[in-house]
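Asker:
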Amino acid sequence: MKSLLASWESLCATSGALRFIDVNLRGVGQVMFQDNPLSGALFLAAIAWGSIAAGVPQVLFGGLLAVVAATLTAQWLRVEPASLRAGLYGFNGVLVGLALATFVAPGPLLWAYVVVGAAVSVVAMEATANLTKAWSLPALTFPFVLVTWLLLLATYGFAGLSGAALPSAGVVAPFQSMAATRLDAGLFVQATLLSISQVFLKGSAIAALLFLAGLAVNSVAAAIAAVAGAILAVITAHALGAESDLITGGLLGFSPVLTAVALGTVFNRPGLRVAAYAALGTAFTVVAQAAFNVALTPLAIPALTAPFVLVTWMFLLPRLALDKR
Amino acid sequence: MKSLLASWESLCATSGALRFIDVNLRGVGQVMFQDNPLSGALFLAAIAWGSIAAGVPQVLFGGLLAVVAATLTAQWLRVEPASLRAGLYGFNGVLVGLALATFVAPGPLLWAYVVVGAAVSVVAMEATANLTKAWSLPALTFPFVLVTWLLLLATYGFAGLSGAALPSAGVVAPFQSMAATRLDAGLFVQATLLSISQVFLKGSAIAALLFLAGLAVNSVAAAIAAVAGAILAVITAHALGAESDLITGGLLGFSPVLTAVALGTVFNRPGLRVAAYAALGTAFTVVAQAAFNVALTPLAIPALTAPFVLVTWMFLLPRLALDKR
Amino acid sequence: MKSLLASWESLCATSGALRFIDVNLRGVGQVMFQDNPLSGALFLAAIAWGSIAAGVPQVLFGGLLAVVAATLTAQWLRVEPASLRAGLYGFNGVLVGLALATFVAPGPLLWAYVVVGAAVSVVAMEATANLTKAWSLPALTFPFVLVTWLLLLATYGFAGLSGAALPSAGVVAPFQSMAATRLDAGLFVQATLLSISQVFLKGSAIAALLFLAGLAVNSVAAAIAAVAGAILAVITAHALGAESDLITGGLLGFSPVLTAVALGTVFNRPGLRVAAYAALGTAFTVVAQAAFNVALTPLAIPALTAPFVLVTWMFLLPRLALDKR
């Protein structure tokens, strides 16, 4: 693997076009914190599979268009070259593109919207990074959440864009328990896998396996944390009596998966105390996800990865010496 | 009083168990900024009276469970010992416990929820303190508000937890004036006292007197500020024509009481200009309380002490030299 | 012009009363970033014209009362003299007064509300300035937005204040396309001008011309940016298919106008790259305006200049070297 990546790196050093592809692939990889073009390529394969299998190839196109637009914008804005090359200006863009193409009906205005959204995501990334630098906090996917929320909310004010797949506005009301739905072994595995694939807004077990492969080629610990986080999220949601459709569709689990990877492997050195801390954060992200789902009910937009951002920032800010004995 | 506290302190120095009790009592005392175990004990007596008299002993249990869980979590996370010993990691926890047990129907899941909420309140406290350190701002009860809002909102997404005592979701609409309700002397005194007891989510005049006693044993100025703040809040709310039930139940006054104590005695040296400044902040907290009540109407959750946190931060940030001549 | 201003300045140096008038005029001028008493006087003339022509002279009175109350409060709080003299403590106040008198029915309680709101806007200004100093960010109109939102929301909780001209609470729903309304040349010009006058909550073409004159006497570049921003906003809103009434009334354009002036002339040195960057920000402010309009639908309050504040902060934070070659 390493020699493969080394060969690719020397190829990129000789060609601007290949370097551009490399930067965009790393941008896709950074959605799950992996600065690795192979991870990005596998993630892209998963997005492609998930989009085409679900009959929405435009979602793949939206993601590709957005990551390229974001990278070009970052180049035009002359951001810091090392961060650019590591894909840090691409991951919010690709998510903006995937989300817009998922929730808004396709058409020329949508693609213009995607390009503007991706460009603004770069500005938002730089803004967030400067804002959180004082606390050594990473920007995470906050730029994606902020820009996409604004873009999705605005569709309700524009005749040119139809948020066809957005939820309808509802009234906050006590939870209606569904007829007893047993979470058997099959559904449990499905819920776990889809919690991983929904990080990229995909509900596909095969895509989930490709995402895990993409994680594993760069960090086996990250792949383990993702699976462990997904399992913990499903168990927590089930214990609290959350709606089965949300659980089995992975919609309560994708934010916790990101929290688990971030707190358990990326920003802390793995260990027993770190694992316990990350588990608390992961379980609380399930609560936060449910809370955001409720809070956004009157606004008719999805929570995206806001619960992950909020809880992970909350758990990173304390700067605890968790890995000391 | 001082010798009593000194004896208690030397007892605590010899016993881990007594020290643990001391830290938890101080945690309760810090809800109203008092680093004093006797204040905490009196506050606890008030909580006990208010809970048992209202037929909801589980609220007392929730508060006790939460403060102990918060202290244990803080020890496990190895927070700064001096702050821990001063009770600064307990006050948000006890409030989380009181609020959850007040609004959610009791049961095993509720107690698990309280323990998780109290543990996360410690993380949120450390996060908030690190965040606001750059401006020398205290965390106040922001961790309590943030964590409790998430936990309460999430109950609408879980069949296992029933927010039985939460408000119903409503639509924001012009205020319907009630049939002329005269705020006579008796109701005025009740409104003032309940504004104090509602700091701990209690609607009881006797509890209010115990809270005032708990303040007075550590700071007579704080007790005076609490009463003055409550009176000012009731007058302001009445002048603006707020609903009588909210006024007489103390529900527009508890945040202003905290603002008055914080701005008038804890974070500024008392004096004439400080009193005027604190009065402006206290009166504006009534407006903020009404505003939060309205803003949270569609979300069916209570404002908690968010108005106090917002206005007190706003009035502390300017770093004015109010006590200079 | 310069000699006129110099004469005025020497007059002010000899008279406390004239200095007080000067400070208040500059306060009005700072709503659009102009530290110039003549700009303030022309803006005031525009407000007067717009208020009286629309049959709401109380709005003019509210603005005047508020700016005076804000200046007096700032003096009492002994803020930094140079900033005070530049009008930096007045512009949020005048906007609070204009907004309250626009949306709330007149009466003695309204004027008390305006005075308190203006006083608190000074505290909020100082708080915001201290908060954003670490990033060298200007406070913009954030204090106005925060204080006015709280004051307007609270009217729904008070019988004494009637938010007669506030929007009704609605449910977020897909946009209903209006019968094809062609944006002909006349409507286009109207939409552009009203986008400028709505910065001061006025829907008047003559007021708009007075505002432009007030800009031009201090900064021709600012006047050009305002017109260019308004045109770009109208085109963007039209291209996205926004409701014609909002466009032709200038209600989607006033925040973008402020963004254009701020990003294009005040905080960046004008140039080609800066113009492109400001244009992106201005177009995105139209999206943000639509998004805030939707998000505030359940809360029945207007967005005010929140979209401008959010987007301008987002575009200022990156500290890009846009004016370098």
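Read top to bottom, the protein sequences are chains S, L and G. The opening position of the first sequence corresponds to residue -16 in the working numbering, with each subsequent residue numbered one higher. The opening position of the second sequence corresponds to residue -16 in the working numbering, with each subsequent residue numbered one higher. The opening position of the third sequence corresponds to residue -16 in the working numbering, with each subsequent residue numbered one higher. Think of the CB as a built atom: it goes at the ideal place given N, C-alpha and C, for glycine as much as any other residue. Treat the numbers as computed from the prediction; the structure is a model and nothing was measured.
1. What residues of chain S sit near residue -9(G), judged by a beta carbon separation below 8 Å?
2. Going by beta carbon distance, what residues of the same chain come within less than 7 Å of residue 209(L), once the five residues before and after it are set aside?
3. Is the distance from the Cβ of residue 219(G) to the Cβ of residue 269(G) below 8 Å?
4. In the DSSP assignment, find the unbroken alpha helix (DSSP H) run with residue 272(G) in it and report its ends.
5. List the residues of chain S that residue 99(L) touches, going by C-beta distances under 9 Å, in chain order.
6. Thinking C-beta only, is residue 158(L) closer than 8 Å to residue 141(G)?
7. For residue 61(G), go through chain L and note every residue whose CB falls closer than 8 Å to its CB, in chain order.
8. Going by the beta-carbon positions, is the gap between residue 73(S) and residue 7(S) smaller than 8 Å?
9. Who are the neighbours of residue 136(L) on chain S, taking C-beta pairs under 7 Å?
10. When DSSP labels each residue in this structure, what does residue 162(G) get in the three-state scheme?
11. Looking at the strands, I want to know which residues DSSP matches up with residue 141(L).
12. Counting only runs that start and end within the stretch 8 to 71 of chain S, where is the alpha helix (DSSP H) found for 4 or more residues in a row?
13. Is the Cβ of residue 162(L) closer than 8 Å to any Cβ of chain G?
14. Taking a Cβ distance cut-off of 7 Å, strictly less, list which residues of the stretch 104 to 116 of chain L are near chain S, in chain order.
15. Mind listing the chain L neighbours of residue 156(S)? Cutoff is C-beta to C-beta under 9 Å, in chain order.
16. Compare the C-alpha of residue 201(L) against each of 272(L), 249(L) and 99(L) and name the closest.
17. Which residues in chain L sit within 9 Å of residue 142(G), going by Cβ to Cβ distance?
18. With a cut-off of 8 Å on the beta carbons, I'd call residue 70(S) and residue 101(S) a contact; round off their distance for me.
19. At a Cβ threshold of 8 Å, is residue 146(L) touching chain S?
20. Using the C-alpha atoms, what's the distance from residue 40(L) back to residue 31(L)?
21. With a cut-off of 8 Å, does the C-beta of residue 118(G) fall near any C-beta of chain S?
22. Please decide whether residue 237(G) counts as near chain S, where near means a Cβ-Cβ distance under 8 Å.
23. Exposed or buried, which one is residue 82(S) when buried takes at least 16 other CB atoms within 10 Å?
24. Taking the alpha carbon of residue 67(L) as the point to measure from, which residue in 108(L), 45(L) and 176(L) has its own alpha carbon closest?
25. Within 8 Å of any Cβ in chain G, is that where the Cβ of residue 102(S) sits?
26. Mind checking if residue -16(L) is an interface residue toward chain G, Cβ cutoff 8 Å exclusive?
27. Just to confirm my understanding: we take residue 176(L), look at its own chain, exclude 5 residues before and 5 after, and list those with CB closer than 6 Å. What are they?
28. Just the chain G side, please: which residues come within less than 7 Å of residue 15(L) by C-beta, in chain order?
29. Please list, in chain order, the chain G residues whose beta carbon lies closer than 7 Å to that of residue 133(S).
30. Can you give the Cα-Cα distance for residue 129(G) and residue 153(L), rounded to whole angstroms?
31. May I ask which residues mark the beginning and end of the alpha helix (DSSP H) holding residue 171(L)?
32. For residue 302(G), name the three-state secondary structure that DSSP assigns.
33. Secondary structure at residue 284(S), three-state DSSP: helix, strand or coil?
34. Contact defined as beta carbons within less than 8 Å: I believe residue 99(S) pairs with residue 213(G). What is the distance between those atoms, to the nearest angstrom?
35. Indicate whether at least one CB of chain G lies closer than 8 Å to the CB of residue 25(S).
Answerer: Per the coordinate set shown:
1. By Cβ distance, chain S contributes nothing, its closest Cβ being about 40 Å from residue -9(G), past 8 Å.
2. 179, 195, 198, 240, 243 and 244
3. Going by C-beta atoms, residue 219(G) is nearer than 8 Å to residue 269(G).
4. Element bounds for residue 272(G): 255 to 278.
5. Chain-ordered, the chain S residues with CB closer than 9 Å to the CB of residue 99(L) read 263, 266, 267 and 270.
6. yes
7. 303 and 304
8. yes
9. 274, 277 and 278
10. Unreliable positioning characterises residue 162(G) in this predicted model, as indicated by a pLDDT of 49, which lies under 50. The coordinate reading is nonetheless provided below. Residue state, collapsed to three classes: coil.
11. Residue pairing by DSSP puts residue 141(L) in a beta bridge opposite 225(S).
12. DSSP runs (the alpha helix (DSSP H)) wholly in the stretch 8 to 71 of chain S: 20 to 36, 40 to 59 and 64 to 68.
13. In this predicted model, residue 162(L) has a pLDDT of only 49, less than 50, meaning its place in the structure is not dependable enough to derive any value.
14. Listed by position, the residues of the stretch 104 to 116 of chain L near chain S (Cβ gap below 7 Å) are 106, 107, 109, 110, 113 and 114.
15. 139, 151, 152 and 283
16. 249(L)
17. 158, 159, 160, 161, 223, 224, 225 and 226
18. Not quite, the Cβ-Cβ distance comes to about 14 Å (not below 8 Å), so this is no contact.
19. Under the Cβ criterion of 8 Å, residue 146(L) is counted among the residues facing chain S.
20. Whole-angstrom Cα-Cα distance: 7 Å.
21. Under the Cβ distance rule, residue 118(G) counts among the residues neighbouring chain S, one pair being separated by less than 8 Å.
22. Contact of residue 237(G) with chain S is not assigned, every C-beta pair being separated by 8 Å or more.
23. buried
24. In terms of CA proximity to residue 67(L), 108(L) leads the group 108(L), 45(L) and 176(L).
25. yes
26. Taking a beta-carbon distance threshold of 8 Å, residue -16(L) does not count as an interface residue toward chain G.
27. 188 and 191
28. Residues of chain G whose Cβ lies closer than 7 Å to the Cβ of residue 15(L) do not exist; the shortest such Cβ separation is about 23 Å.
29. The answer, in chain order, is 270, 271 and 274.
30. 23 Å
31. 168 to 180
32. coil
33. It is coil, neither helix nor strand.
34. The Cβ separation is near 19 Å, so there is no contact.
35. no
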